[in-house]
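To start, the structure itself, in structure tokens.
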Amino acid sequence: MTRLILIGFMGSGKTTIGRLLANALRLPHLDLDDLVAADANCSIAQIFTDQGEAYFRDLESQALISVIRKPGILSTGGGTPVREENRQLLIDSDTPVVFLKASPEVIVNRLKGDHNRPLLRQLDTNQFMELYRKREWFYNQAADMTIDTDKKTPEKIMREILAQIREVPV
Ligand code: S3P
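Count the sequence shown with the working numbering and you get residues 6 to 175, in order.
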């Protein structure tokens, strides 16, 4: 196993778990947001402010195409599987796609006071729940496996993923 892709809502632990897995498997950790920010030479929040979400999504799709076949653990952005073409890339790839699932309560708690996620800034509780439910559908479509992350340490989540991927033929 030389490649793995993590998907899930903002705050579900994609970056933290991605780093741990990369360490354990001695593979590079690839973070899609970091790649977009590096290519644009600008933070994600700044891209949203200056050029808007659609522009960010174009950069995100390009970054996904350029990285999806590289060896490593790829942590995607929370919105990556929403675009049909991105979702199709994930579905068609022969790389295991792991959905890190966290409950809305856990996510809200983790992201309290977060200023780096432009999408969350103006959402009230109902809008947040609507986004969460819509996104869940996309994650389920793209995922080969789902890991419940509530009340688990990052190490436990990592061990569960490692146990599962050993059973998935790649
Ligand atoms: C987004 C999630 C962010 C980042 C951008 C948009 C989303 O990534 O790509 O702010 O649409 O859910 P994280 O999931 O790593 O926070």
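Beta carbons: idealized from backbone N, C-alpha and C, even for Gly.
These numbers were taken from a predicted model, which means no experiment stands behind them.
Quick one: grab the DSSP three-state call for residue 150.
Note: residue 150 maps to strand in three-state DSSP.
Just verifying my parser: in three-state terms, what is the DSSP assignment at residue 155?
Taken through DSSP and simplified to helix, strand or coil, residue 155 comes out as coil.
Less than 7 Å separating the Cβ of residue 124 from some heavy atom of the ligand S3P?
Residue 124 Cβ: within cutoff of the ligand S3P.
For residue 11, the nearest candidate out of 63, 50, 92 and 156 (CA to CA):
Of the candidates 63, 50, 92 and 156, the one whose C-alpha sits nearest the C-alpha of residue 11 is 92.
How do the stretch 155 to 164 and the stretch 15 to 23 stand: do at least 3 beta-carbon pairs fall below 8 Å, yes or no?
With a cut-off of 8 Å, the stretch 15 to 23 and the stretch 155 to 164 count as touching, because enough Cβ pairs lie within range.
Taking C-beta to C-beta, are residue 188 and residue 86 nearer than 8 Å?
One cannot answer for residue 188 here, as it falls past the ends of the chain, which runs 6 to 175.
Whole runs of the alpha helix (DSSP H) within the stretch 92 to 149, excluding any shorter than 4 residues:
Within the stretch 92 to 149, the alpha helix (DSSP H) runs of at least 4 residues that lie entirely inside it are, in chain order, 109 to 116 and 130 to 147.
State yes or no: is the C-beta of residue 6 within less than 8 Å of the C-beta of residue 152?
Judged by their CB atoms, residue 6 and residue 152 are not nearer to each other than the 8 Å cut-off.
Alpha carbon to alpha carbon, what distance is there between residue 167 and residue 47?
For residue 47 and residue 167, the distance between alpha carbons rounds to 34 Å.
If you count every other CB in all the chains shown that lies within 10 Å of the CB of residue 81, and 16 or more means buried, which is it?
Classified as buried, residue 81 has 16 or more neighbouring CB atoms from the shown chains inside 10 Å of its CB.
Please go through the same chain and pick out, in chain order, the residues whose beta-carbon is closer than 7 Å to the beta-carbon of residue 128, but skip the five residues on each side of it.
These residues qualify, in order along the chain: 136.
Answer yes if the stretch 65 to 78 comes into contact with the stretch 112 to 127, meaning at least three C-beta pairs across the two stretches below 8 Å, and no otherwise.
Put simply, the stretch 112 to 127 does not touch the stretch 65 to 78. Fewer than three CB pairs are less than 8 Å apart.
Helix, strand or coil for residue 8, going by three-state DSSP, please let me know.
Three-state DSSP puts residue 8 in a strand.
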